[in-house]
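Accompanying notes for the structure given below.
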Amino acid sequence: MLLVGYLLLGAVAGLTAGLFGVGGGLIIVPALVFAFSFMDFPATTLTQLAVGTSLATIVFTSVSSVRAHHEYGNVDWRLFWKLAPAIAVGVVLGVHTAAGMAGQLLQGLFGCFALLIAAQMGLGLKPKPSRVVPGRVGLTAAGGVIGYVSALFGIGGGSLTVPFLSWSNVVMQKAVGVSAACGLPIAIVGFATNIWAGWGREDLPAYSSGFVYWPAFLGVVLTSTLFARFGAKLAQRLPEAHLKRVFALFLAVVGVQFIYRNF
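Quick note: the sequence shown, position 159, residue 158 per numbering that gives the first Met the number 0, numbers continuous.
Structure (structure tokens):
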């Protein structure tokens, strides 16, 4: 029965990612937190398991997304390689920060982050292209922040990378393509580091390796990629502005719920 629930979660996460162009982690993390709470997982590792499992699932959706954007010529690989090393370092630091953080605090911070994304999507806030792409130092700093925040909240980084690149005068198609490519090191390094950071913990449930819970991982992966493609097609037929407002409202409810129950 739980596997069916994870399959449905993967379908919803994939559909959402395709419809709204945001990583499925914004759906997967809160859903897994509620599912793991229902299953009475230890509170000391419950949130970390949700974040780590989310990052693990993003590996597969990222591969599919990068291939698609590469075929359309929308990935600036030179820009990607300038961001990727710092992103990887930021991810490692973010995972270890989350591993040492109380679950309640981590959920509360996720709630605040969800409210910020809800405001950005609901109000249509976009940074104006007002500068050129920064040099190596600036890209290193940006990559580190993107990797750190993404690992902390179990997301693919698109909600941070795309606005940053748009602000840096990168055309939107290229910004989305580079963001998709950056999601791959976030997911791979986050996946491996969450296994490492949680390895040997006695307060983990069966069928988990570190902070990755395999039944949820398998269920989500089996359906998310397929439904992401369906969501992308559906997005061409539905009014984008209304869709984003609905999703923003959903994120706002999730954010308020997480903050209310933990702060």
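Idealized CB from N, CA, C, for every residue including glycine. Treat the numbers as computed from the prediction; the structure is a model and nothing was measured.
Under 8 angstroms between C-beta atoms of Thr-224 and Ala-10: For the purposes of this step, residue 224 is identified with residue 225 of the sequence shown, where counting begins at 1. For the purposes of this step, residue 10 is identified with residue 11 of the sequence shown, where counting begins at 1. Result no, Cβ atoms of Thr-224 and Ala-10 do not sit closer than 8 angstroms.
Candidates Ile-185, Trp-195, Ala-196, Ser-208, of which the one nearest Gly-24 by Cα: Within the sequence shown, residue 24 is the residue found at index 25, counting from 1. For the set Ile-185, Trp-195, Ala-196, Ser-208, the Cα lying nearest the Cα of Gly-24 is the one of Ile-185.
For Ser-207, three-class secondary structure by DSSP: For the purposes of this step, residue 207 is identified with residue 208 of the sequence shown, where counting begins at 1. Strand, per DSSP.
Burial state of Gln-106 (16 or more Cβ within 10 Å): Here the question's residue 106 lines up with position 107 in the sequence shown. Around the beta carbon of Gln-106, 16 or more other beta carbons lie within 10 angstroms, which makes this residue buried.
Supposed close pair Thr-15, Phe-216 - CB separation, criterion 8 angstroms: The count along the sequence shown starts at 1 and reaches residue 15 at position 16. The count along the sequence shown starts at 1 and reaches residue 216 at position 217. Between Phe-216 and Thr-15 the Cβ distance is about 18 angstroms, and since that is not below 8 angstroms, they are no contact.
Contacts around Phe-40, its chain only, beta-carbon distance under 7 angstroms, and the 5 residues preceding and following it disregarded: In the sequence shown, the residue the question calls residue 40 occupies position 41. So the list reads Leu-48, Pro-204, once near-sequence residues are dropped.
Environment of Gly-218 [buried if 16+ CB atoms lie within 10 Å]: In the sequence shown, counting from the first residue as 1, residue 218 sits at position 219. Burial call: buried.
The alpha helix (DSSP H) enclosing Tyr-147, as first and last residue numbers: Residue numbering aside, residue 147 sits at position 148 when the sequence shown is read from its first letter. 135 to 152 is the span of the alpha helix (DSSP H), which, as asked, contains Tyr-147.
Three CB pairs or more closer than 8 angstroms across the stretch 163 to 173 and the stretch 27 to 37: Contact fails: fewer than three Cβ-Cβ distances are below 8 angstroms.
Nearest-angstrom Cα separation, counted from Tyr-71 out to Val-169: What you label residue 169 is simply residue 170 of the sequence shown in a count that begins at 1. What you label residue 71 is simply residue 72 of the sequence shown in a count that begins at 1. C-alpha separation (whole angstroms): 16 angstroms.
For Tyr-259, three-class secondary structure by DSSP: Translated into positions along the sequence shown, residue 259 becomes position 260. The DSSP-derived three-state label of Tyr-259 is helix.
For Tyr-5, three-class secondary structure by DSSP: Locating residue 5 in the sequence shown gives position 6, where the first residue counts as 1. It is helical.
Contact between the stretch 126 to 137 and the stretch 186 to 197 (3+ Cβ pairs under 8 angstroms): The answer is no - the stretch 186 to 197 does not touch the stretch 126 to 137, with fewer than three Cβ pairs under 8 angstroms.
Val-91 versus Ile-26 - alpha carbon distance: By one-based count along the sequence shown, residue 91 stands at place 92. By one-based count along the sequence shown, residue 26 stands at place 27. Taking the straight line joining both Cα atoms gives about 22 angstroms.
Cutoff 7 angstroms; reference Ala-12; Cβ partners in own chain excluding five residues on either side: The count along the sequence shown starts at 1 and reaches residue 12 at position 13. Excluding sequence neighbours, Ala-12 sits near Gly-23, Ile-26, Ile-27, Val-219, Ser-223.
Test item: CB-CB of Val-94 and Ala-196 under 8 angstroms: By one-based count along the sequence shown, residue 94 stands at place 95. By one-based count along the sequence shown, residue 196 stands at place 197. Against a cut-off of 8 angstroms, the Cβ pair of Ala-196 and Val-94 comes out as a contact.
Cα-Cα separation between Val-88 and Leu-151, rounded to whole angstroms: Numbered from 1 along the sequence shown, position 89 holds the residue referred to as residue 88. Numbered from 1 along the sequence shown, position 152 holds the residue referred to as residue 151. If you take the alpha carbons of Val-88 and Leu-151, they lie about 13 angstroms apart.
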